Amino acid sequence: MSERTLVSIEPRFGEGVSFKLLKAAADLPDPFVPYPFDCSVEAMPDWTSQAAVCEHGAKILRELRRHPAVSEALRRAAQAPNGKTHSIYFQLLAPEVERLCWEALYDTDTRRFFALDRRLAIARVAESLIERQVPIRAFEPPVRVLAVLAALGFSAEPEWRQLRDAAVEARNRGLDVELRVLCGERSLVERIESEQLDWVTVGPTPQRTRDLESVVFDFAPQVLHFFCHGSSSYGVTRLEIGTVLDFDDRADRASFQLDSEALAAFPGIERTWIVILNCCLGGQASEETHSMAHDLVSRGIPAAIGMLERVEAMDAHEFSGAFHRAFLERVRVLLEEIPDGSEASLEWAETLFDPRRTLSERHGNDPANHRQWLLPVLYVRPESFLLRRLPQGVSSDSMEEMRRRASMVAGLLRSLTNAPDEARDELLHLLDDVPA
Numbered sequence: 005m006s007e008r009t010l011v012s013i014e015p016r017f018g019e020g021v022s023f024k025l026l027k028a029a030a031d032l033p034d035p036f037v038p039y040p041f042d043c044s045v046e047a048m049p050d051w052t053s054q055a056a057v058c059e060h061g062a063k064i065l066r067e068l069r070r071h072p073a074v075s076e077a078l079r080r081a082a083q084a085p086n087g088k089t090h091s092i093y094f095q096l097l098a099p100e101v102e103r104l105c106w107e108a109l110y111d112t113d114t115r116r117f118f119a120l121d122r123r124l125a126i127a128r129v130a131e132s133l134i135e136r137q138v139p140i141r142a143f144e145p146p147v148r149v150l151a152v153l154a155a156l157g158f159s160a161e162p163e164w165r166q167l168r169d170a171a172v173e174a175r176n177r178g179l180d181v182e183l184r185v186l187c188g189e190r191s192l193v194e195r196i197e198s199e200q201l202d203w204v205t206v207g208p209t210p211q212r213t214r215d216l217e218s219v220v221f222d223f224a225p226q227v228l229h230f231f232c233h234g235s236s237s238y239g240v241t242r243l244e245i246g247t248v249l250d251f252d253d254r255a256d257r258a259s260f261q262l263d264s265e266a267l268a269a270f271p272g273i274e275r276t277w278i279v280i281l282n283c284c285l286g287g288q289a290s291e292e293t294h295s296m297a298h299d300l301v302s303r304g305i306p307a308a309i310g311m312l313e314r315v316e317a318m319d320a321h322e323f324s325g326a327f328h329r330a331f332l333e334r335v336r337v338l339l340e341e342i343p344d345g346s347e348a349s350l351e352w353a354e355t356l357f358d359p360r361r362t363l364s365e366r367h368g369n370d371p372a373n374h375r376q377w378l379l380p381v382l383y384v385r386p387e388s389f390l391l392r393r394l395p396q397g398v399s400s401d402s403m404e405e406m407r408r409r410a411s412m413v414a415g416l417l418r419s420l421t422n423a424p425d426e427a428r429d430e431l432l433h434l435l436d437d438v439p440a
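In terms of this note's numbering, the numbers along the sequence shown are unbroken and rise by one, the last being 440.
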């Protein structure tokens, strides 16, 4: 398990924002004393200025270093030895600070971006007012990936190729992976069917929320991946999922709209590990409202990735391939390291190093002037994400009993839509030993 540093950025009584240290790898004096945080998006250098990304990251780091405990925690994190990773998390309780590029942290002395150093990792934490039980995920392969590929105006074939190739590499290394793909383009459905991969199922994108709910419930994906458009209005962010009819009619806007509240309430979504919003606005917040990725995690999904701003389609595709390769390889290595029946932590922040480096290299390997590598942002729950490998010899009867129990709980959750969160959490606790 990598070491962690956690810094909380929160609203200050009256107005403004303050920050303090919540977790560190060593005991430090006065960590919980709040200091004013005086960085804002409006005060940042223009992105067109020379070395703008360095300036952004250096300014945030200078502000953080005003807090003695935070400064020391970051100094120690930066001294992580080769072969080890120290994860730095920012708990963003004030929506306006979500718009800052925390991933740009830059040390002017070493001339180094933290997030482009394999020894360091940066992610964001989304907390909720309601205390939620976090089950240990009992797991045995396959890893199931459900991909919804439906961005109107863009061919999703490059996205499919990236997902397929990442899965092929993982399978060649011994990790069982299954893909379920929902496409808005008829031609892509036919193309995927023609490849005749027995570990891939494909179909058209659904036209209604309940149809997508059924797919998520039946397939029980650990990874839910969206390649589509996103929009925001009246404080609500939505995914715009193009249907086959939308693509056939060359519609200007997708007819299937899905917001974070509806997605987080899907029956069976509690078995999903991570939601990937490979679309514009998935990681973008306003001054008053949190981003969709933040909202999903605050509603109980363990991790979510969104984009801070609109991204080029080819950047989105490159990110997909690099992320899924890194994620699947991390799962494969964890399974090799975990003795049967034992537990290990999946440190989500570590999976973003390769995608960031890939995006930086795609843009001339000039991270100081090209910020595309910053745009994917990861939100996680504050608790560690623990996997428990099922012991060898678990009988098929036992597995079937677990599946029946999961089906029962999902049915109850579907019928008890207005139940208190505490009651829903108690039901979910019945699934602690069910494979995720």
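Backbone N, C-alpha and C define an ideal beta-carbon position, used for all residues, glycine too.
Just so it is clear, the structure is predicted and the values come from calculations on it, not from any experiment.
For this session: Could you tell me which of F260, Q200, R128 and A55 sits nearest to L153, measuring between CA atoms?
Result: F260
Exercise. Are there 16 or more other CB atoms within 10 angstroms of the CB of K24, so buried, or fewer, so exposed?
Worked result: Burial call: buried.
Problem set entry | Segments assigned alpha helix (DSSP H), at least 4 residues, entirely inside the stretch 70-129 | Runs found: 72-81.
Exercise. Leaving out the 5 sequence neighbours to the left and right, which residues in its chain are closer than 6 Å to E189 when beta-carbon positions are compared?
Worked result: Once the five neighbours on either side are set aside, the close Cβ partners of E189 are F251.
Exercise. Is W377 buried or exposed, if buried means 16 or more other CB atoms sit within 10 Å of its CB?
Worked result: W377 is buried by the Cβ-count criterion.
Exercise. Just curious, the alpha helix (DSSP H) that I64 is in, first and last residue?
Worked result: A56 to L68
For this session: Go ahead and pull the three-state DSSP assignment for G264.
Result: The residue asked about is misnamed: residue 264 is Ser in this sequence, not Gly. Helix.
Problem set entry | Cβ-based burial, S324 [other Cβ within 10 Å; buried from 16] | buried
Exercise. In chain order, what residues of the same chain lie with their CB nearer than 6 Å to the CB of D180, ignoring the 5 residues before and after it?
Worked result: P145 and P146
For this session: Enumerate in chain order the residues of its own chain whose CB-to-CB distance from Q166 is below 6 Å, with the five nearest sequence positions on each side excluded.
Result: H321, S324 and G325
Problem set entry | CB contact flag (W203, E173, <8 Å) | no
Problem set entry | Nearest-angstrom beta carbon gap, F94 and I196 [assumed within contact, 8 Å] | Contact doesn't hold; Cβ gap of about 39 Å is too wide.
For this session: Compare the Cα-Cα distances from L192 to each of A155, D215, A224 and A56 and report the closest residue.
Result: A155
Problem set entry | Inter-residue Cα distance where the pair is E274 and F389 | 13 Å
Exercise. What residue does the alpha helix (DSSP H) around A174 start on, and which one ends it?
Worked result: E161 to N176
Exercise. Beta carbon of L332, beta carbon of A142: below 8 Å?
Worked result: no
Exercise. Identify the residues that DSSP records as bridge partners of R8: which are they?
Worked result: S91
For this session: Quick one: measure Cβ to Cβ for V219 and L267, integer angstroms, because I've assumed they're closer than 8 Å.
Result: At roughly 13 Å, the Cβ-Cβ gap does not stay under 8 Å, so V219 and L267 are not in contact.
Problem set entry | Nearest-angstrom Cα separation, counted from R360 out to L120 | 7 Å
For this session: Please list the segments of the beta strand (DSSP E) lying wholly inside the stretch 280-355, counting only runs of 3 or more residues, in order along the chain.
Result: As far as the stretch 280-355 is concerned, its whole beta strand (DSSP E) runs of at least 3 residues are 307-311 and 347-349.
Problem set entry | Check whether F124 and A81 have beta carbons under 8 Å apart | According to the sequence displayed, residue 124 carries Leu and not Phe. A distance below 8 Å separates the beta carbons of L124 and A81.
Exercise. Along the chain, where does the alpha helix (DSSP H) that runs through I196 open and close?
Worked result: Membership of I196 in the alpha helix (DSSP H) is indicated by the continuous run R190 to E199.
For this session: Enumerate in chain order the residues of its own chain whose CB-to-CB distance from R69 is below 8 Å, with the five nearest sequence positions on each side excluded.
Result: S75 and L78
Exercise. Given that a residue counts as buried once 16 or more other Cβ atoms are within 10 Å of its Cβ, and exposed if not, what is T52?
Worked result: exposed
Exercise. Looking only at C-alpha atoms, which of W106, G87 and E163 sits nearest to M318?
Worked result: Comparing Cα positions, the closest option is E163.
Exercise. Who are the Cβ neighbours of W106 in its own chain at under 7 Å, not counting the five residues just before and after it?
Worked result: I64, F94, I126 and R128
Exercise. E365 lies in the alpha helix (DSSP H); which residues open and close that run?
Worked result: F357 to R366
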